[in-house]
Amino acid sequence: MSHASAAEVSGPTPFGNTYDGLPVERYTLTGGKITVRLMNRGATITEVLAPDRAQNLADVVLGFDNIAGYESEANQYFGCTTGRVCNRIANARFTLDGRQYQLADNSAPNHLHGGGKRSLDKVVWQGEKLVTPRGTAVRFTYLSPEGEEGYPGNLKLATTYILGDDGALWIEWEATTDKPTPVNLTNHSYFNLAGAGSGTVLDHEVTLYADRYTPVDANLIPTGKIEAVTGTVLDFTTAKRIGERIEQLTNTPTKGYDHNFVVMQGKQLPAAVAKVREPKSGRVLTVFSTQPGLQFYTGNFLTGQAGKGGKPYVYRGGFCLETQHFPDSVNQPTFPTIILKPGETYRQTCVYMFSAE
Ligand code: GLA
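Those letters in the sequence shown? Residues 4 to 360, per this note's numbering, in order.
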């Protein structure tokens, strides 16, 4: 996996206006055989064209053809940058330095993916093309003001996408703050390696480089324990079809896979955390990360909503591999901290690498 790139970037091109009248723009990164489209609303991945083993291209991420789709109820965080704190915060509150912060309970009773109307997936970021020492990139920046969605501190954010010639899309996050504040960023792309809207992902074969997970209660909040996956339906330490054991989870609170895995991080970061192969096309996605957690979610809340080209995104028609810190870290003293302090720089990386075999 090389970081250097001769990828090309074009844009910005208009992608309509938000409901509030803000212009939304898209950028296109082309490198090797891969094309990636990004938009400044939510610093979002809207398209990934990746070849199968016969070099046929398919768009392998879920999304919409227009901004109205992204602003509709049908959008379940497709492709976005998720935060300020992704995943769940129990009872939508936390205490920091003796003060209690009340957040939106947008997944009642919990706070989910940064909150209500102005979570990071919904605001319009500032886009720019840039040539980094590592290659051609698109960077989105956003200043989240003190109090936005109830969080303390002015948080200065950057999400940078760099495409290598080897099919690797690097996502680099940076943040600084002027007050201690929780930060937990991820990308929420839904993949279907047979092509977005081509049915369920149950035949995809998944390997997770994770031997433990954080069990949750009926509200999907971690109990605080860390348990081994051995002997459970969560054991993906060797490749398994998603569909092989998923039915055993259908009538549980997660309704399918929707679990935070504790990844086995080597010394070399970003480390490989997951590999997914779609047998018919031969497309493979390998995910690398600098973070200790990985939420594996199998689209159990998808309802058949119409996506790009009018294709339906059926129940379990996409999967997410959200590299992140553990859910509810802000209320769980035994989990690695997500508090960013003034003077520090938050830096995390996720790599989605596309290949075919
Ligand atoms: C995450 C959560 C899921 C769900 C989706 C969005 O993956 O873990 O429970 O909320 O986002 O629908």
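Glycine included, each C-beta is placed from N, C-alpha and C at the ideal position.
Residue i and residue j closer than 9 Å at C-beta
i      : j      : result
Leu146 : Leu158 : yes
Asn293 : Pro315 : Before going on, a small fix: residue 293 reads as Thr here, not Asn. No; because the gap between Cβ atoms is not below 9 Å, this pair is not in contact.
Lys311 : Gly200 : yes
Cys89  : Leu188 : yes
Asn124 : Tyr80  : In the sequence as displayed, the identity of residue 124 is Asp instead of Asn. Yes, Cβ-Cβ distance for Asp124 and Tyr80 is below 9 Å.
Met42  : Val64  : no
Thr352 : Trp173 : yes
Pro185 : Leu297 : no
Arg286 : Leu305 : no
Thr180 : Gly150 : no
Asn263 : Ala93  : no
Val290 : Ala277 : yes
Gly202 : Val279 : no
Thr47  : Gly82  : yes
Tyr30  : Arg40  : yes
Supposed contact pair residue j and residue i - C-beta distance, whole angstroms, cut 8 Å
i      : j      : result
Gly321 : Phe194 : 6 Å
Thr21  : Glu74  : 7 Å
Leu288 : Leu196 : 6 Å
Gln251 : Val236 : 5 Å
Tyr349 : Glu177 : 6 Å
Tyr212 : Ala275 : 6 Å
Asn69  : Gly19  : 6 Å
In DSSP terms, what residue i is bridged to
i      : result
Pro17  : Glu28
Asn190 : Thr84
Trp176 : Thr162, Gln351
Pro185 : Ile342
His262 : Phe299
Cys323 : Tyr300
Pro225 : Val219
Lys243 : Val209
Tyr316 : Gln308
Val279 : Val209, Leu288
Ile92  : His114
Gly45  : DSSP lists no partner for Gly45.
Buried or exposed (CB count within 10 angstroms, at least 16 for buried), residue i
i      : result
Thr84  : buried
Lys270 : exposed
Asn190 : buried
Gln58  : exposed
Gly101 : exposed
is_contact[residue i, chain C] using C-beta, thresh 9 Å
i     : result
Thr16 : Absent from the structure is chain C; it holds one protein chain and no more.
Near the ligand NAD: residue i beta-carbon under 8 Å from a heavy atom
i      : result
Arg350 : Looking for the ligand NAD in the displayed structure turns up nothing; the ligands present are the ligand GLA.
- Query: So, do the stretch 32-42 and the stretch 168-180 have three or more beta carbon pairs nearer to each other than 8 Å?
  - Reply: yes
- For the stretch 106-126 and the stretch 230-249, state whether three or more C-beta atom pairs, one from each stretch, are separated by less than 8 Å. no
- Task: Count the CB pairs spanning the stretch 217-229 and the stretch 250-266 that are closer than 8 Å, and state whether there are at least three.
- Result: Contact between the stretch 217-229 and the stretch 250-266 is present, because at least three Cβ pairs lie under 8 Å.
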